[in-house]
Amino acid sequence: MFFSAAILGLATAAVAAPANVVPNYPAHQQSQGFRLVVNVTDKALDLKPSVQGLYVNSIHVGAGLNVAGVGSKDVSNVFYQNGTASEFRFSSATTITDEATPLTPFGLSLSKNADSDSVSSAYINGGAGTPGVQISQFPEGFLFLEPETFVICNNALQYYQGQKFLVVEQAATTVGSDGQVAKNLPEGCAPVRLVPECAPLEALPAGSYASHEFALQSECYADVASINWSQYGP
Ligand SMILES: *[C@@H]1O[C@H](CO)[C@@H](O)[C@H](O)[C@H]1NC(C)=O
Ligand SMILES: *[C@@H]1O[C@H](CO)[C@@H](O)[C@H](O)[C@H]1NC(C)=O
Ligand SMILES: *[C@@H]1O[C@H](CO)[C@@H](O)[C@H](O)[C@H]1NC(C)=O
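Residues -16 to -1, 1 to 218, numbered by mature numbering (1 follows the signal peptide of the UniProt record, and there is no 0), are exactly what the sequence shown covers, in order.
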């Protein structure tokens, strides 16, 4: 008798619990094109001046070569996710922007830094991007670029004689033999999410090397700066 009452109580609690923490996420739209907006996820680790709200762009470092950087919206890139629906589903789509003349696909790629086991630099070079660099999908409720964790660092670039630029890097989370999870955030860098903001994907002029045949309809926010994140979650 006691047990059945307890079980009944638990069952009621289990049904009632989700109603108290209804997941609630910002409204989004669909677009082939999008810009990537910086959202600092730990304000205590933000850079000075803040990198909150900056947009991903390409920093020219050679013919067909760019480092992924961040700056104002007017010099930012419009990206699209490239791949089949099934490639997207299985996290092997890529994120591409068109550059140069004639317009050529430049893929967002991650390449492990020589001095680190977990930190990669992000590039926007002519050619394919890294599979899996794509926007999060169901059951994740927020929209952001994967794989986590992206960071913004103020790094010296050799191509510019050591001048410093705000660049995008990515830190892979690792699990030690003791089961301890390590975020591996590089020192002095701000942990961020790169959040997609819808933007028109311009039609390609005749003679372009790029193609939008496999440009996916992406989920994105109309205006990232207007989102009050504290109202959403979990
Ligand atoms: C943006 O950052 C805030 C913390 O500053 C966080 O609460 C919010 O969930 C973040 N947005 C996304 C999409 O992760
Ligand atoms: C875009 O995706 C299609 C389908 O997988 C692929 O054939 C094509 O090579 C991709 N384009 C680029 C620039 O990676
Ligand atoms: C964001 O939402 C929180 C919680 O509803 C509220 O207290 C805060 O004033 C809002 N911030 C802005 C800038 O509207």
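C-beta: ideal position from N, C-alpha, C; glycine also.
{"Asked": "Classification of Gln147 by the beta-carbon crowding that lies within 10 angstroms, buried from 16 upward", "Found": "exposed"}
{"Asked": "Straight-line gap, Gly48 to Ile80 (C-alpha atoms, nearest Å)", "Found": "14 Å"}
{"Asked": "Proximity test, Asn138 beta-carbon vs ligand 3 heavy atom, cut-off 6 Å", "Found": "no"}
{"Asked": "Alpha-carbon spacing of Gly163 relative to Leu169, whole angstroms", "Found": "18 Å"}
{"Asked": "N-terminal and C-terminal residue of the beta strand (DSSP E) that Glu83 is part of", "Found": "78 to 83"}
{"Asked": "Beta-carbon proximity check, Leu31 vs Ala209, cutoff 7 Å", "Found": "no"}
{"Asked": "Span of the beta strand (DSSP E) around Ala174", "Found": "174 to 183"}
{"Asked": "Per-residue DSSP class, three states only, for Lys148", "Found": "strand"}
{"Asked": "Ala112 versus Glu197 - alpha carbon distance", "Found": "15 Å"}
{"Asked": "Distance between beta carbons of Val54 and Ile152, contact taken as under 8 Å", "Found": "Going by the sequence as given, residue 152 is Val instead of Ile. Right, their Cβ atoms sit about 7 Å apart."}
{"Asked": "Run of the beta strand (DSSP E) containing Glu71, from where it starts to where it stops", "Found": "Where Glu71 is concerned, there is no enclosing beta strand (DSSP E), although the alpha helix (DSSP H) it sits in stretches over 69 to 73."}
{"Asked": "For Asn212, the residue or residues it bridges with in DSSP", "Found": "Per DSSP, none; premise fails for Asn212."}
{"Asked": "Ala155 - DSSP class collapsed to helix/strand/coil", "Found": "strand"}
{"Asked": "Any non-hydrogen atom of ligand 3 within 6 Å of Asn23 CB", "Found": "no"}
{"Asked": "Asn8 CB to nearest heavy atom of ligand 3 below 6 Å", "Found": "no"}
{"Asked": "Beta-carbon proximity check, Ile108 vs Phe128, cutoff 7 Å", "Found": "no"}
{"Asked": "Cβ contact (3+ pairs, closer than 8 Å) linking the region 186 to 197 and the region 112 to 123", "Found": "no"}
{"Asked": "Ser214 CB to nearest heavy atom of ligand 3 below 6 Å", "Found": "yes"}
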